[in-house]
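Numbering-wise, the sequence shown is residues 8 to 193 according to my numbering. C-beta: ideal position from N, C-alpha, C; glycine also. Please read the structure below before turning to the comments.
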Amino acid sequence: MVQSADLDLPYPPPQREANIYMVPQGIKPVLQRTAIEILAWGLRNVKSYQLSSVSSPSLLVECGGQVVQSCVIRNPKKNPNFDVSVLFMEVRLPREDLYCPPIVIKVIDNRPFGRKPVVGQCTIPSLEAFCCDPYTEEAEIAAIQQDDVSITPRDDVLIEIDDKEPLIPIQTTLGYFGFPAFARVL
């Protein structure tokens, strides 16, 4: 009975290494180069972890096999902000959101002797709400600005100002800063 089951199985795909198989081209999703920009200002109100306060936290962001880490906050009680607030990573992600890997954000405490426990973690399962195409966004902004212009009334308001007479009589005697003016008024 074991022999008949082996005969019904399809051929295995080619191997890249031992126990690592290559995905056939028809199954593999189409990938595109994607830039991910994370704005991380700081960490506040971090609870203690394993009976020890979090004294040197940093942020670790993982997506699609790429990892980026923020700088370490040396004293979170005095200054809870990161020195550099923008983290940037370039990843090859599938075009279809259904196949995109999640973004995993971890808070790490950099403790003495090289110990780095994960004190907090957040997973963002879908990037769809955060994605934007910079080229289409510019076109949408231009379209919105054109719509705003069409909403304004078309009646022009003209105000005639006679610049031969000063608006306020004191302008002739006092200059810009309240000092006597040296210019002659015609």
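Legend entry - Limits of the unbroken beta strand (DSSP E) element including F95: Segment V93 to P101, the beta strand (DSSP E) holding F95.
Legend entry - 9 Å Cβ cutoff met for I43 and V74: Not closer than 9 Å, so no.
Inset, instruction - Within 10 angstroms of the Cβ of F95, are there 16 or more other Cβ atoms? Answer buried if so, exposed if not. - result: The residue is exposed, with fewer than 16 neighbouring Cβ atoms inside 10 Å.
Inset, instruction - Determine the burial state of V93: buried for a count of at least 16 other Cβ atoms within 10 Å of its Cβ, exposed for fewer. - result: Result: exposed.
Legend entry - Beta-carbon proximity list for Q57, same chain, < 8 Å, skipping 5 on both sides: Result list for Q57: P124, in chain order.
Legend entry - Residues that C70 bridges to, as DSSP identifies them: Answer is Q73.
Inset, instruction - Decide if the stretch 31–40 is in contact with the stretch 94–113; the criterion is three or more beta carbon pairs, one per stretch, under 8 Å apart. - result: The stretch 31–40, when compared against the stretch 94–113, does touch it at the 8 Å Cβ threshold.
Legend entry - Cα-Cα separation, N82 to N26: If I take the Cα positions, the gap works out to 46 Å.
Inset, instruction - Quick one: using the 10 Å Cβ neighbour count with 16 as the cut-off for buried, is F89 buried or exposed? - result: In summary, F89 is buried, with 16 or more beta-carbon neighbours lying within 10 Å of its beta-carbon over all protein chains present.
Legend entry - Host beta strand (DSSP E) of L58 (start-end): Counting along the chain, L58 sits inside no beta strand (DSSP E), nor does DSSP assign it H or E at all.
Inset, instruction - Return the CA-CA distance between L105 and D116, expressed in angstroms with no decimal places. - result: Whole-angstrom Cα-Cα distance: 33 Å.
Inset, instruction - Determine the extent of the beta strand (DSSP E) in which R81 is found, giving its start and end residues. - result: That residue, R81, is in no beta strand (DSSP E); it is neither H nor E in DSSP.
Inset, instruction - List the residues that DSSP assigns as beta-bridge partners of L38. - result: DSSP output for L38 lists P101 as bridge partner(s).
Inset, instruction - Tell me whether S92 counts as near the ligand SAH, meaning its Cβ is closer than 8 Å to at least one heavy atom of that ligand. - result: Ligands are entirely absent from the displayed structure, and the ligand SAH is therefore not among its contents.
Inset, instruction - Report the three-state DSSP secondary structure of V192 (helix, strand or coil). - result: Unreliable positioning characterises V192 in this predicted model, as indicated by a pLDDT of 41, which lies under 50. A coordinate reading is not provided.
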